[in-house]
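Okay, so here's the structure we're looking at.
Protein chains: 2
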Amino acid sequence: MYRAGIDLGGTNIKAGIIDENQTILAQASVPTGAERPAEEVIADMAQLVRQLMETLKIEERELAGIGVGAPGLVDAQAGVVRYSNNISWENVALVRELGNYFSCKVCISNDANCAALGEVRAGAAKDVSNAILLTLGTGVGGGIILNGKVFEGSNAGGAELGHTSMILGGEPCTCGRRGCVEAYVSATALIRDAKRAAAADKRSLLNQMCDGKIENMNGKIPFDAALEGDKTAKEVVENYYTYLAEAIANYVNIFRPDVVLLSGGICNQGSRLTKPVEEHLSFLCFGGDRAFVPPVRCAVLGNDAGIIGAANLLGQNS
Amino acid sequence: MYRAGIDLGGTNIKAGIIDENQTILAQASVPTGAERPAEEVIADMAQLVRQLMETLKIEERELAGIGVGAPGLVDAQAGVVRYSNNISWENVALVRELGNYFSCKVCISNDANCAALGEVRAGAAKDVSNAILLTLGTGVGGGIILNGKVFEGSNAGGAELGHTSMILGGEPCTCGRRGCVEAYVSATALIRDAKRAAAADKRSLLNQMCDGKIENMNGKIPFDAALEGDKTAKEVVENYYTYLAEAIANYVNIFRPDVVLLSGGICNQGSRLTKPVEEHLSFLCFGGDRAFVPPVRCAVLGNDAGIIGAANLLGQNS
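Line order of the protein sequences matches chains A and B.
Converting from the first sequence to the numbering used here requires adding 4 to each position, the first position being numbered 1.
Converting from the second sequence to the numbering used here requires adding 4 to each position, the first position being numbered 1.
And the structure:
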């Protein structure tokens, strides 16, 4: 049997069909057009899956089901996207509405949960069944996999690892609170901190590498400037490692996963990112060396994680 | 069938035998004598259970099993207390050693996990199957119940809710880290903050209520002084509510439990504690009123929670 996975993003809808070996046999994407009514976006999602089925000459009876990863607050049990800032959805009954186009089962979850499940089934954590994933992007998404299954929380709105406060009263977060992990370890936060540091030290390489325009700052420049020996950039990067390790230690003390995964553009830094974080972790986790301290790995599937993970939502509750 | 539950504490070993209605039919306690070798403490635990069986005229074939809640880092799967500061144990194979005295099954878990399970089975959360418990005592223990079962973490050393950092680089914590929840919401932390406030404001009622001796400060005085209208005490208490709500919001954003439970002497404050915390929570939880915000309740079983919970460890994995 085949399964379809859809990654519903603010910019694009990506879909793929996988086989029983977790291989994506075909994939395609279309712009989300998030300004449109939800029904139109859902019609496009259905159309995208139909198109892939035609490409692969798959009939509906060969499709075990369709999984969707959606951004925002997703009520997986009810099949409803409660609220998504990115695509301006509120209480959209996605499972029912997409289900109208197909006879097979439809499941949904939060996009970060899907990415985590994808990496556990076919990516950087396929050797384990308990993992935590942090997506380090514009925001910080959290995915929690326990015994090979997505942990959504007991009621909708759980697994929001990025929205746990780390510095009470600290930097404002998109969720309305202050001091959240997202406000320190997202790519957005790193760029904010690098801009501030560059503005405070005009002689820092950070400015040169932006071609003198601070608005050109991105998540790669601080690492590049630090590698060139720039003291100010080094401080930005080292603070970032500290924030990330503190956040991860909190999740380790709660979940003790087999592995901690990181994803997003910052992961291009590879072991330059994971090694210092692991070093911090060995001191921060409860029980020190009397307890298991999980390795920190970069995700490997990129965009495919969301598709593979979404397709694997099927059978999560069986 | 009957089950025995043992609450192994730094000061006393408490044990009880329960029936299938979660009623404690008999209980007894002896001093732990934690300075002795672990084998002697374990022999006393066995003796205590035998004594209760005699009292109730229960034969061993009527005892389904024995559960133990132990302080510190407990490896429930291996049946080993990895490390416990309170009783100076390191790598004690408690399940095997206590098992030598009985033919029935022996299970162990962390004491806060047992307290949480007890409250879910027979106490303040018996209407739900997903709850978080914080024990607000000398330290802060965390218990997580998911689908009616203790969540230990995927590897030993999880569920340490008190050892998640809330203020990076803040107050030193007993675990060696800084800024942990325990360092702000334990009774010890409240007393520390009240002492500091009293020292800084000699005219505060906090001083009078200590009979002028700051070392007499306890966890009740700040609430009493605040109730009398003392401004300095009010500030201490309001900060405490803030810390507690911030910590709970973090756990809600991860677990979305049906209920959050608090235990420890501070719970004598009842709704004077839970109401302001619930008010803060409604603003702090991710998704605001689009998601479920759990009620905050005080535990009701007191010391019995540990015994009942420990007895209920049996059958957790079936």
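Where a beta carbon is used, it is the ideal one built from N, C-alpha and C, also for glycine.
Item to check | Euclidean distance between Cα positions of A/S33 and A/V264 | outcome: 29 Å
Item to check | The alpha helix (DSSP H) enclosing A/S275, as first and last residue numbers | outcome: S275 to L288
Item to check | Rounded Cβ spacing between A/N257 and B/H167 (contact assumed at less than 8 Å) | outcome: 5 Å
Item to check | Secondary structure of A/N25, DSSP reduced to three states | outcome: coil
Next on the checklist: Need the endpoints of the beta strand (DSSP E) that A/K238 sits in, please.
Outcome noted: Run containing A/K238: none in the beta strand (DSSP E); it sits in the alpha helix (DSSP H), K235 to F259.
Checklist entry - Is any beta-carbon of chain B found at less than 8 Å from that of A/D262? => result yes
Item to check | C-beta neighbour in chain B for A/N159, strict 8 Å | outcome: yes
Checklist entry - Given a limit of 7 Å on CB to CB distance, which residues of the stretch 125-139 of chain A reach chain B? => result N134
Next on the checklist: My assumption, with CB atoms under 8 Å, is that B/G14 sits in contact with B/I112. Please give the rounded CB distance.
Outcome noted: Incorrect: roughly 16 Å between the Cβ atoms, too far for contact.
Next on the checklist: Short of 8 Å in beta carbon distance, which residues of its chain neighbour B/F37, apart from the five on each side in sequence? Order them along the chain.
Outcome noted: In the sequence as presented, Phe is not what sits at residue 37 of chain B; that position holds Gly. Excluding residues within five positions, the ones whose Cβ falls inside 8 Å are E44, V45 and D48.
Next on the checklist: Just to check my reading of the structure: A/L67 and A/A8 have Cβ atoms closer than 8 Å, yes? What is that Cβ distance to the nearest angstrom?
Outcome noted: 6 Å
Checklist entry - What did DSSP end up calling A/R196 once you bin it into helix, strand or coil? => result helix
Next on the checklist: At the level of alpha carbons, what is the spacing between B/L288 and A/S275?
Outcome noted: 35 Å
Item to check | 8 Å Cβ cutoff, A/M5 in contact with chain B | outcome: no
Item to check | Proximity test, Cβ basis, 8 Å: B/S322 and chain A | outcome: For B/S322, the predicted structure reports a pLDDT of 44, less than 50, and the residue's modelled location is therefore unreliable. A value from the coordinates is still provided. Cβ-Cβ to chain A under 8 Å: no for B/S322.
Checklist entry - Got a sec, what are the start and stop residues for the alpha helix (DSSP H) A/G103 sits in? => result L98 to G103
Item to check | C-alpha gap between A/Y105 and A/I62, whole angstroms | outcome: 16 Å
Checklist entry - Would the beta-carbon of A/G268 fall within 8 Å of that of A/L140? => result yes
Next on the checklist: Can you tell me whether B/S322 is helix, strand or coil according to DSSP?
Outcome noted: The predicted position of B/S322 is uncertain, since its pLDDT is 44 and thus under 50; a value taken from the coordinates is nonetheless stated next. Coil.
Checklist entry - Where in the stretch 114-198 of chain B do unbroken runs of the beta strand (DSSP E), each at least 3 residues long, occur, reported from the N-terminal end onward? => result 135-140 and 144-150
Next on the checklist: Does the CB of B/H284 have a neighbour CB from chain A at under 8 Å?
Outcome noted: no
Checklist entry - Using the C-alpha atoms, what's the distance from A/S208 back to A/I218? => result 12 Å
Checklist entry - Do the stretch 152-162 of chain A and the stretch 289-306 of chain B make contact, defined as three or more Cβ pairs closer than 8 Å? => result yes
Item to check | Amino acids of chain B, ordered along the chain, whose beta-carbon sits closer than 7 Å to that of A/Y87 | outcome: G291 and R294
Checklist entry - Does any residue of chain A bring its CB to less than 8 Å from the CB of B/T168? => result yes
Checklist entry - Looking at C-alpha atoms only, which residue of B/M213, B/A19 and B/L194 is the closest neighbour of B/V53? => result B/A19
Next on the checklist: Under 9 Å, CB to CB, which of the residues in the stretch 99-122 of chain B have a partner in chain A?
Outcome noted: none
Checklist entry - For B/M5, is the classification buried or exposed, using 16 other Cβ atoms within 10 angstroms of its Cβ as the cut-off for buried? => result exposed
Item to check | Selection from B/A116, B/A230 and B/R200 that minimises the alpha carbon distance to B/N220 | outcome: B/R200
Checklist entry - Any beta-carbon of chain B closer than 8 Å to the one on A/L305? => result no
Item to check | C-beta contact flag for A/E1 and A/L137 at 8 Å | outcome: Nothing in the structure corresponds to residue 1 of chain A, since chain A is present only between 5 and 322.
Item to check | Outcome for A/L98 when other beta-carbon atoms lying within 10 angstroms are tallied against a minimum of 16 | outcome: buried
Checklist entry - Got a sec? Which residues, its chain only, sit under 7 Å from B/E94 by beta carbon, not counting five neighbours each side? => result Y87
Item to check | Within chain B, the residues that A/I171 reaches when beta carbons sit closer than 7 Å | outcome: I171 and L172
Checklist entry - Hey, quick one: how far does the beta strand (DSSP E) through A/D11 stretch, first residue to last? => result Y6 to L12
Next on the checklist: Does any residue of chain A have a CB that is nearer than 8 Å to the CB of B/A50?
Outcome noted: no
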